[in-house]
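Undergrad: Protein chains in written order, with our numbering: chain A, 1 to 276; chain B, 277 to 552. Virtual Cβ for every residue (Gly too), placed ideally from N, Cα, C.
1) Check distances from the C-beta atoms of the stretch 376-392 of chain B to those of chain A and list, in chain order, the residues that come in under 7 Å.
2) Taking all protein chains shown into account, do 16 or more other C-beta atoms lie within 10 angstroms of the C-beta of residue 370 (chain B), making it buried, or fewer, making it exposed?
3) Using a Cβ-Cβ cutoff of less than 8 Å, which residues in the same chain neighbour residue 260 (chain A) once the five nearest sequence positions on both sides are dropped?
4) Would you kindly work out how many angstroms separate the C-alpha atoms of residue 372 (chain B) and residue 116 (chain A), rounded to a whole number?
5) Output, in chain order, the set of chain A residues within a Cβ distance shorter than 8 Å of residue 363 (chain B).
6) If you reduce the DSSP assignment to three classes, tell me which class residue 8 (chain A) lands in.
7) When you check each C-beta in the stretch 21-48 of chain A against every C-beta of chain B, which residues fall closer than 9 Å?
8) Within 8 Å of any Cβ in chain B, is that where the Cβ of residue 123 (chain A) sits?
9) Quick check: the stretch 299-312 of chain B against the stretch 322-331 of chain B, are there 3 or more CB pairs under 8 Å?
10) Do residue 528 (chain B) and residue 460 (chain B) have their C-beta atoms within less than 8 Å of each other?
11) Rounded C-beta distance between residue 105 (chain A) and residue 387 (chain B)? I'm assuming under 8 Å.
12) For the alpha helix (DSSP H) holding residue 222 (chain A), just list the boundary residues, first then last.
13) Would residue 420 (chain B) count as contacting chain A if we go by Cβ distances under 8 Å?
14) Using C-beta distances below 7 Å, list every residue in its chain close to residue 317 (chain B), excluding the 5 sequence neighbours before and after it, in chain order.
15) Taking all protein chains shown into account, do 16 or more other C-beta atoms lie within 10 angstroms of the C-beta of residue 221 (chain A), making it buried, or fewer, making it exposed?
16) Assuming residue 454 (chain B) and residue 509 (chain B) form a contact by the criterion Cβ under 8 Å, report the distance between their Cβ atoms to the nearest whole angstrom.
17) Which same chain residues, not among the five before or five after residue 244 (chain A), have their C-beta less than 6 Å away from its C-beta?
18) Thinking just about the alpha-carbon of each residue, which of B:420, B:482, B:296, B:476 is nearest to the one in residue 451 (chain B)?
19) Could you give the uninterrupted runs of the beta strand (DSSP E) lying entirely in the stretch 15-77 of chain A, keeping only those of 3 residues or more?
20) Take the Cβ of residue 415 (chain B) as the centre, count every other Cβ of all protein chains shown within 10 Å, and call the residue buried at 16 or more, exposed below.
21) Out of B:291, B:365, B:286, which has the shortest C-alpha to C-alpha gap to residue 313 (chain B)?
22) With 16 as the cutoff for other CB atoms within 10 Å, does residue 195 (chain A) come out buried or exposed?
Structure (structure tokens):
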């Protein structure tokens with residue numbers, strides 16, 4: 001068995017399986033949900049947060065999740081004491097042709113990936129791909145992600161921006177392509193409300209609590225006028241923005257302080273930062 | 277091998293494969309396209325129309341399609357002279373974790389399904405799930421279909437409507453859940469413009485040509501005041517609407533005439549209608 005095979009597992013309901021059904025509804029319609037989680041020495045410190053979001057998404061889509069303990073035990077077996085990034089994908093399972101949801105057991109898969117190099121700062125760019133306004137799907141981490149794929153395809157060869165910011169169709173700032181965004185606006189932390197589009201990130205939830213952040217509509221002008229900006233997700237943690245277009249920011253002590261609190265709360269983020 | 281196995285084939289690039297990669301981007305993000313086509317005695321009479329739409333979608337998503345002749349020959353082999361419905365699914369293939377599009381060969385699958393019972397009339401309902409406005413993805417038959425899944429999940433047990441009509445977020449009529457809609461408004465055929473959301477159906481394209489239909493924004497009131505309404509798709513053909521909410525319509529000779537032209541153009545739709 002190759003290394004790639006060892007690092008993923010497939011299930012239907014509570015039964016381990018060998019192959020993905022050609023009629024899987026995740027493949028057909030993106031009819032599923034996913035979580036990407038940071039592991040440290042075989043442990044998932046934010047498991048409860050990830051499972052809670054997954055459960056919220058499953059409620060919206062009407063997907064019956066497998067038993068939590070089986071998923072977690074399987075993840076621990078896959079990790080086998082290692083660090084890294086775990087991805088959990090859950091789809092509605094396979095069904096007949098047509099959009100009507102089927103009632104069979106969910107398909108789910110687990111995979112382990114190497115953790116990205118730790119870093120503290122990023123350069124952003126604006127994406128021209130907009131996020132559609134769809135309150136029925138806002139917040140959950142579902143598998144309809146073509147907007148993010150199109151946004152990530154905007155990078156030209158050699159372009160050095162690490163991440164991109166996305167606006168909704170109405171021009172409000174929503175998030176990074178794969179993370180949420182926070183900004184310091186006259187001593188108050190703001191983050192875009194995720195009620196019309198975007199993903200309610202697990203790290204966003206943690207940071208919003210820590211900073212007592214205010215959720216609101218944010219214009220590009222407010223963001224460009226902020227005293228500090230960071231993007232965050234549960235894989236990379238807190239990434240302070242040092243440049244966006246022709247605006248640059250110097251490191252802000254409040255972001256450094258938040259990063260320290262994150263390192264205390266989740267040991268995967270306590271790793272030393274990159275060397276200069 | 278079971279009948280279900282015989283009726284599907286999997287490919288990567290131009291090579292037949294046995295299993296779907298766990299890291300397939302169709303499964304992860306709905307990063308793919310599909311076509312459902314009506315076959316008659318092993319032939320796909322609207323193949324050129326389906327392939328043209330698929331090619332348009334592939335251009336939007338930046339997916340490199342397999343060679344047309346190989347796909348068509350494989351479909352003919354799968355059909356082996358039979359009637360039915362063929363589904364062609366093409367995804368970007370498998371890739372590393374993350375939204376950035378990978379450059380590997382596309383994954384594609386073929387499956388054959390039994391054709392639905394022929395019928396001429398349907399009862400509709402309004403769906404409360406709205407279609408988000410996303411011009412970047414409008415028209416193409418991509419695999420981000422959670423809105424259609426949520427709409428189809430609205431049916432309560434025992435509810436007899438055959439299809440549902442969907443509005444966009446702004447309240448304009450867009451389409452049926454799995455088909456397009458046409459209406460006769462004072463001697464002129466109208467169909468919703470598919471420039472902000474919805475799928476540019478293959479049967480829609482055929483019918484719009486036949487009827488010299490005008491593409492525009494259509495309100496629910498205009499639809500309810502129409503002299504005739506039909507929904508259509510490439511699997512079921514022309515389905516005249518006989519009821520929607522408290523409005524009913526009697527069969528209209530122009531719809532019967534269009535159905536006759538369809539039967540002449542595509543022999544799969546020349547089958548006798550259901551018995552009363």
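TA: Checking against the coordinates, here is how it stands:
1) 376, 377, 385, 387, 389
2) On the second chain, position 94 is the one that residue 370 (chain B) refers to. With 16 or more other Cβ atoms within 10 Å, it is buried.
3) Your numbering for residue 260 (chain A) matches position 260 in the first chain. Same-chain partners within the cutoff: there are none.
4) Counted from its first residue, the second chain places residue 372 (chain B) at position 96. Counted from its first residue, the first chain places residue 116 (chain A) at position 116. C-alpha separation (whole angstroms): 12 Å.
5) As a first step, residue 363 (chain B) must be located in the second chain, where it is residue number 87. In chain order: 97.
6) As a working note, residue 8 (chain A) is residue 8 in the first chain. Residue 8 (chain A) falls in the strand class under three-state DSSP.
7) 21, 22, 23, 24, 25, 26, 27, 28, 29, 30, 31, 32, 34, 36
8) What you label residue 123 (chain A) is simply residue 123 of the first chain in a count that begins at 1. Under the 8 Å criterion on CB atoms, residue 123 (chain A) is classed as non-interfacial with respect to chain B.
9) A contact is defined here as three or more CB-CB pairs under 8 Å, and the stretch 299-312 of chain B meets this definition with respect to the stretch 322-331 of chain B.
10) Within the second chain, the letter at position 252 stands for residue 528 (chain B). Within the second chain, the letter at position 184 stands for residue 460 (chain B). Their beta carbons are under 8 Å apart, which means residue 528 (chain B) touches residue 460 (chain B) by this criterion.
11) As a working note, residue 105 (chain A) is residue 105 in the first chain. As a working note, residue 387 (chain B) is residue 111 in the second chain. Rounded, the Cβ-Cβ distance is 21 Å, inconsistent with contact.
12) For the purposes of this step, residue 222 (chain A) is taken as residue 222 along the first chain, with counting starting at 1. From DSSP, the alpha helix (DSSP H) with residue 222 (chain A) extends over 220-224.
13) Residue 420 (chain B) sits at position 144 when you count from the first residue of the second chain. Closer than 8 Å to some Cβ of chain A, the Cβ of residue 420 (chain B) qualifies, so yes.
14) Position 41 of the second chain, counted from the start, is the residue given in the question as residue 317 (chain B). So the list reads 357, 359, once near-sequence residues are dropped.
15) Within the first chain, numbered from 1, the residue matching residue 221 (chain A) stands at position 221. With a 10 Å radius around the Cβ and a threshold of 16 neighbouring Cβ atoms, residue 221 (chain A) comes out exposed.
16) For the purposes of this step, residue 454 (chain B) is taken as the residue at position 178 of the second chain. For the purposes of this step, residue 509 (chain B) is taken as the residue at position 233 of the second chain. At roughly 6 Å, the Cβ-Cβ gap stays under 8 Å, so residue 454 (chain B) and residue 509 (chain B) are in contact.
17) The residue given as residue 244 (chain A) occupies position 244 in the first chain. Cβ neighbours of residue 244 (chain A) beyond the five flanking positions: 124.
18) Your numbering for residue 451 (chain B) matches position 175 in the second chain. The shortest C-alpha separation from residue 451 (chain B) is found at B:476.
19) 15-17, 32-39
20) Along the second chain, one-based indexing puts residue 415 (chain B) at 139. Of the residues assessed, residue 415 (chain B) falls on the buried side of the cut-off, its CB having 16 or more other CB atoms within 10 angstroms.
21) Here residue 313 (chain B) is taken as the residue at index 37 of the second chain, counted from 1. Answer by Cα proximity: B:365.
22) As a working mapping, residue 195 (chain A) is identified with position 195 in the first chain. With fewer than 16 Cβ atoms within 10 Å of its Cβ, residue 195 (chain A) is classed as exposed.
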